[in-house]
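J.: In the working numbering, the protein residues as written are 666 to 797.
Where a beta carbon is used, it is the ideal one built from N, C-alpha and C, also for glycine.
It should be emphasised that the depicted structure is a prediction, and the values quoted were computed from it without experimental measurement.
(1) Looking only at its own chain, which residues have a Cβ that is under 7 Å from the Cβ of residue 733, when we skip the five neighbours before and after it?
(2) Please report the Cβ distance between residue 781 and residue 719, rounded to the nearest whole angstrom; I am assuming they are in contact, meaning their Cβ atoms lie under 8 Å.
(3) Could you give the DSSP three-state label for residue 752: helix, strand or coil?
(4) Looking only at its chain, what residues have a beta carbon closer than 8 Å to the beta carbon of residue 735, apart from the 5 residues adjacent to it on each side?
(5) Could you give the distance in angstroms between the alpha-carbon of residue 786 and the alpha-carbon of residue 682?
(6) Can you tell which of 790, 778, 756 has its C-alpha closest to the C-alpha of residue 771?
(7) For residue 759, does the three-state DSSP call read helix, strand or coil?
Structure (structure tokens):
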């Protein structure tokens with residue numbers, strides 16, 4: 666299995682994401698959207714960074730249960746109820762990502778949404794991984 670991250674020089678610098686990821690492997694894992702729910706189904710964390718950290722941990726837990734690791738992520742979509750707040754916290758969110766998932770960035774998008782399933786949720790992450 667391999668994931669080749671492609672960042673063409675003619676595009677803006679890819680900071681915290683890859684412009685394209687070419688995936689070669691035998692198993693694809695489709696990861697459901699994860700918010701900052703704890704094991705009891707309650708949203709935890711008051712701030713966007715707190716919720717992002719829990720949502721990312723939940724996404725990575727689902728991936729691990731399927732036999733994958735953070736480096737196997739080919740695509741992640743982030744749904745944020747406040748994109749301006751996401752941009753404001755981008756440096757901190759990047760540190761959280763690197764601490765939990767490393768520097769092998771998937772292709773990513775941040776999508777602004779009116780609300781998520783749980784009213785208290787500020788962010789949701791889903792993804793696709795390619796495993797050997």
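T.: Taking the coordinates as given:
(1) Along the chain shown, one-based indexing puts residue 733 at 68. Same-chain partners within the cutoff: 694, 794, 796.
(2) Walking along the chain shown from the start, residue 781 turns up at place 116. Walking along the chain shown from the start, residue 719 turns up at place 54. The Cβ separation is near 13 Å, so there is no contact.
(3) As a first step, residue 752 is located in the chain shown; it is residue number 87 there, counting from the start. Helix, per DSSP.
(4) As a first step, residue 735 must be located in the chain shown, where it is residue number 70. Correct list, in chain order: 725, 728, 765, 766, 767, 769.
(5) Counting from one through the chain shown, the residue named residue 786 turns up at place 121. Counting from one through the chain shown, the residue named residue 682 turns up at place 17. Each residue's alpha carbon lies about 23 Å from the other.
(6) Counted from its first residue, the chain shown places residue 771 at position 106. If we check each option's Cα against that of residue 771, 790 comes out closest.
(7) For the purposes of this step, residue 759 is identified with residue 94 of the chain shown, where counting begins at 1. The answer is helix: DSSP assigns residue 759 an H, G or I state.
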